[in-house]
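Peer 1: In the working numbering, the protein residues as written are 24 to 346. Virtual Cβ for every residue (Gly too), placed ideally from N, Cα, C.
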Amino acid sequence: MRRREFITLLGGGAVWPVSTFAQQAIPLVGFLNSGSPEAFANRLRAFHQGLKETGFVEGENVGIVYRWADDQYDRLPEFAMELVRRRVAVIAANNPAAVPAKVATTNIPIVFVVAEDPVRTGLVASLARPGQNLTGVNFIIGELGAKRLELLRELIPAIARLAVLVNPVGALTEVTLQDVEPAARAMGLQTHIVSASTSREIDAAFQTFVGRRADALFIAPDPFFTSRRVQLANLAAHHGLPMTSGTREITEAGGLMSYGTNIADAYRQLAVYVGRILKGAKPADLPVMQSSKFEFVINHQTARMLGLTVPPTLLTTADEVIE
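Next up, the structure:
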């Protein structure tokens, strides 16, 4: 099978013809995501695992209609409406997609996986009693910046100038800066905050970091940066810039280290709720789950390339060391 055909099967439109579903009465799940199937492959695998845990296997007793925005968030409202028109049984939506899904329907159950406070953003009435047609998984990532800086400082004690890359339209930018800036000041670090929301702006940001002689780079949590992890890792390696992030995918691509919620596990939990709703549960009766599984990952190969010696304490503390 050619790669293009494989990607279509993995994350394109409906995987099987609508007539097949109609004949077999297989329910459809709408999968609405701001990223791409390639960038979120491990999260998609975790989603399938969660469905399997509740007795559902794609192509056997459930179908999935994928809608990937490829980081073009303005496409999400129309994609949400497409899923409504397809009359899917439930919609699974990630952080930027949850609100467009809520706007699109008040009848179809929606299960979200978000890093923001879903009460503050108006997705649900409360965590214990969501109300209406939404529930989901809430994970912490933006508030972990201070901890990430502590780990970075332990690895690079001489760091003095910290570059911070944020997405100006990202939902977690404000809460991340509220956490990182005071922590950086307490450590005596100079911070240089640069915004980027396109690949070209990421290239320009690295030129700024180099010009300001940054000692290390802090990547703010955002799905866009996860999608651009290869670009980020290549630029960081080219400029010899140690990089810390909140998602393991960026570290796997070549970043130095990451600390944050195990987002793949949050997607597994997302699918478990989808499965329960397919079996008859009501979103209003399912409390919002708090995902609290954290992971600390070090790319030892990147550390050696940068000429850094990772302290034994960090190596033993890490949940995973990439050699």
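1. Suppose you measure from the CA of leucine 301 to the CA of glycine 159; what does that come to, to the nearest Å?
2. Does the segment 247 to 266 come close enough to the segment 61 to 68 that 3 or more CB-CB pairs lie under 8 Å?
3. Report yes if the C-beta distance between leucine 167 and tyrosine 282 is below 8 Å; otherwise report no.
4. Which of the three DSSP states, helix, strand or coil, is assigned to histidine 262?
5. Cα-Cα, which of Gln292, Ala209 and Ala237 is closest to valine 217?
6. Looking only at DSSP bridge pairs, what is tyrosine 282 linked to?
7. Pop quiz: valine 320 and phenylalanine 241 are said to be a contact at Cβ under 8 Å. What is the actual Cβ separation, rounded to whole angstroms?
8. For serine 314, list the residues DSSP reports as bridge partners.
9. Please name the residue, chosen from Thr325, Ala326 and Gln292, that lies closest to proline 310 on a Cα-to-Cα basis.
10. Which class does glutamine 292 belong to by DSSP, given the choice of helix, strand or coil?
11. Would DSSP call glutamate 61 helix, strand or coil?
12. Is it the case that the Cβ atoms of threonine 325 and glycine 277 are separated by a distance below 8 Å?
13. In three-state DSSP terms, what is phenylalanine 241?
14. According to DSSP, glutamate 343 sits in a beta bridge with which residue or residues?
Peer 2: Once the coordinates are examined:
1. Position 278 of the sequence shown holds residue 301. Position 136 of the sequence shown holds residue 159. Going from the Cα of leucine 301 to the Cα of glycine 159 covers about 14 Å.
2. Because the criterion of three Cβ pairs below 8 Å is met, the segment 61 to 68 and the segment 247 to 266 touch.
3. Position 144 of the sequence shown, counted from the start, is the residue given in the question as residue 167. Position 259 of the sequence shown, counted from the start, is the residue given in the question as residue 282. Going by C-beta atoms, leucine 167 is nearer than 8 Å to tyrosine 282.
4. What you label residue 262 is simply residue 239 of the sequence shown in a count that begins at 1. Here histidine 262 sits in coil by DSSP.
5. Here residue 217 is taken as the residue at index 194 of the sequence shown, counted from 1. Ranking the options by Cα distance to valine 217, first place goes to Ala237.
6. Counting from one through the sequence shown, the residue named residue 282 turns up at place 259. Answer is Phe319, bridged to tyrosine 282.
7. Position 297 of the sequence shown, counted from the start, is the residue given in the question as residue 320. Position 218 of the sequence shown, counted from the start, is the residue given in the question as residue 241. Not confirmed; about 16 Å, so no contact.
8. Counting from 1 along the sequence shown, the entry for residue 314 is found at position 291. Bridge partners of serine 314: Phe162.
9. Indexing the sequence shown from 1 puts residue 310 at position 287. Residue Gln292 is the option with its Cα nearest to proline 310.
10. Position 269 of the sequence shown holds residue 292. Glutamine 292 carries a helical assignment under DSSP once its states are collapsed to helix, strand and coil.
11. As a first step, residue 61 is located in the sequence shown; it is residue number 38 there, counting from the start. Coil, per DSSP.
12. Against the sequence shown, residue 325 aligns to sequence position 302. Against the sequence shown, residue 277 aligns to sequence position 254. Their beta carbons are under 8 Å apart, which means threonine 325 touches glycine 277 by this criterion.
13. Along the sequence shown, read from residue 1 onward, the residue named residue 241 stands at position 218. Phenylalanine 241 carries a strand assignment under DSSP once its states are collapsed to helix, strand and coil.
14. By one-based count along the sequence shown, residue 343 stands at place 320. Answer is Val320, bridged to glutamate 343.
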